[in-house]
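*Asks:* Just add 325 to the spot in the sequence shown (first one is 1) and you have this note's numbering.
Backbone N, C-alpha and C define an ideal beta-carbon position, used for all residues, glycine too.
These numbers were taken from a predicted model, which means no experiment stands behind them.
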Amino acid sequence: MPQNLQDTTTLHNGVKMPWFGLGVFKVQEGSEVVESVKAALKNGYKSIDTAAVYGNEEGVGQAIKEAGVPREELFITTKVWNADQGYETTLQAFETSMDKLGLDYLDLYLIHWPVAGKYKETWKALEKLYKDGRVRAIGVSNFHVHHLKDLMADAEIKPMVNQVEYHPHLAQTEILQFCKAEGIQMEAWSPLKQGELLSEPTIVEIAEKHGKSPAQVILRWDLQNEVVTIPKSIKEHRIIQNADIFDFELTAEDMGVLNGLNKDERIGPDPDNFDF
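1) I think F345 touches T527, with their Cβ atoms under 8 Å apart; what is that distance to the nearest whole Å?
2) If we count the other Cβ atoms within 10 Å of its Cβ and call it buried at 16 or more, is F468 buried or exposed?
3) In its own chain, which residues sit with a C-beta less than 6 Å from the C-beta of C504, not counting the 5 before and 5 after it?
4) Should N338 be counted as a contact of the ligand ADP given a C-beta to heavy atom distance under 7 Å?
5) Taking N587 and P516 to be in contact with their CB atoms under 8 Å, please state how far apart those CB atoms are, rounded to whole angstroms.
6) Identify every run of the alpha helix (DSSP H) within the region 471-541, keeping only runs that are complete inside it and at least 4 residues long; order them along the chain.
7) For T335, write down the residues that DSSP places opposite it in a beta bridge.
8) Mapping DSSP to helix, strand and coil, what is F456?
9) What did DSSP end up calling K404 once you bin it into helix, strand or coil?
10) Any contact of the region 554-564 with the region 349-356, i.e. 3+ C-beta pairs under 8 Å?
11) Is it right to say Q502 is buried, meaning 16 or more other beta carbons lie within 10 angstroms of its own, or is it exposed?
12) Over what stretch of residues does the beta strand (DSSP E) that includes Y412 continue unbroken?
13) Counting only beta-carbon atoms, is E530 nearer than 8 Å to chain C?
14) Can you give me the Cβ contacts of D597 inside the same chain, cut-off strictly under 7 Å, excluding the 5 residues immediately before and after it?
15) Return the chain-ordered list of same chain residues with a C-beta closer than 6 Å to the C-beta of V460, the five sequence neighbours on each side being excluded.
16) Which two residues bound the contiguous beta strand (DSSP E) that contains S372?
17) Nearest to T310 by CA position, among V542, D589 and I592, is which residue?
18) Compute the Euclidean distance between the alpha carbons of E499 and A392, then round it to the nearest angstrom.
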């Protein structure tokens, strides 16, 4: 079990990925994203997760520069957007992202959504970037089990990560079990269900018992289920508080209760039914 904010999980290719990071979905380009990333890095975070479609890669890159943390200590993730999927277009999109981030290499590059008829060609581009040493690890986002099986049927390299919507109302047990069996690290986006879960009475009760916040209980649940988590916040005190989850442990009973909250309820689109 991770003991501190810098602890890592080892991906199937040997690369170490922090268990905990900062997500910047819906964080505005400019001072908002620069300040939130700098606050995270100042307070011991090493992993930052962005995406081309978030429109804030430049700000993330600026924050990395200004924070002065050695590049080799950081773990930076971005994603290729749906409109750029395909072999050549993905390679071009990668260069654009790298220019915006101001980086020489990326730690993790993900296919953002499983665009039908496109994601296999996109994956070939990711494999090339990986073989060329431009990216330390490659993976996918929002892939169901059938998408993963379909991709892996033709892939030379198995995805190292699958980042999906994951929280106590969407426990994704089938995907989690499949990923564990295949050695693919699962990662949670929207782990707090965009704040909706913070007033869930069961979670509040467990939080009170441990002297922790509901957010801390949910993020701890992620880690105890062996899922990497990247909560978003733009407030420094919240960035610090979110990461303060390494001094307590949820009991087996707590975990059972939290697992039992699943309703298969999403805040984002279903990867089998999206139109963007």
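*Replies:* On the basis of the coordinates in this document:
1) As a working mapping, residue 345 is identified with position 20 in the sequence shown. As a working mapping, residue 527 is identified with position 202 in the sequence shown. At roughly 23 Å, the Cβ-Cβ gap does not stay under 8 Å, so F345 and T527 are not in contact.
2) For the purposes of this step, residue 468 is identified with residue 143 of the sequence shown, where counting begins at 1. So F468 counts as buried.
3) On the sequence shown, position 179 is the one that residue 504 refers to. Cβ neighbours of C504 beyond the five flanking positions: N487 and M511.
4) With respect to the ligand ADP, the structure offers nothing, as it holds no ligand at all.
5) Position 262 of the sequence shown holds residue 587. Position 191 of the sequence shown holds residue 516. With 8 Å as the limit, N587 and P516 do not qualify as a contact, their Cβ atoms being about 14 Å apart.
6) 498-507 and 526-535
7) On the sequence shown, residue 335 is found 10 positions in, with the first residue counted as 1. For T335, which the question treats as bridged, DSSP gives the partners K341.
8) The residue you call residue 456 lines up with position 131 of the sequence shown. Residue identity check: residue 456 is Lys in the sequence provided, not Phe. Three-state result, K456: helix.
9) Here residue 404 refers to the residue found at position 79 of the sequence shown. If DSSP states are grouped into helix, strand and coil, K404 belongs with the strands.
10) yes
11) Against the sequence shown, residue 502 aligns to sequence position 177. Exposed, since its Cβ has fewer than 16 Cβ neighbours within 10 Å.
12) The residue given as residue 412 occupies position 87 in the sequence shown. Unbroken run through Y412 is the alpha helix (DSSP H), Y412 to L426; no beta strand (DSSP E).
13) You won't find chain C in this structure, because it holds only one protein chain.
14) Translated into positions along the sequence shown, residue 597 becomes position 272. Cβ within range, chain order: H469.
15) Indexing the sequence shown from 1 puts residue 460 at position 135. Only L431, Y434 and L454 meet the Cβ criterion.
16) In the sequence shown, the residue the question calls residue 372 occupies position 47. S372 -> beta strand (DSSP E) spans S372 to D374.
17) Outside the shown range of the chain, which is 326 to 601, sits residue 310, and nothing can be said about it.
18) Locating residue 499 in the sequence shown gives position 174, where the first residue counts as 1. Locating residue 392 in the sequence shown gives position 67, where the first residue counts as 1. E499 and A392: Cα-Cα distance of roughly 39 Å.
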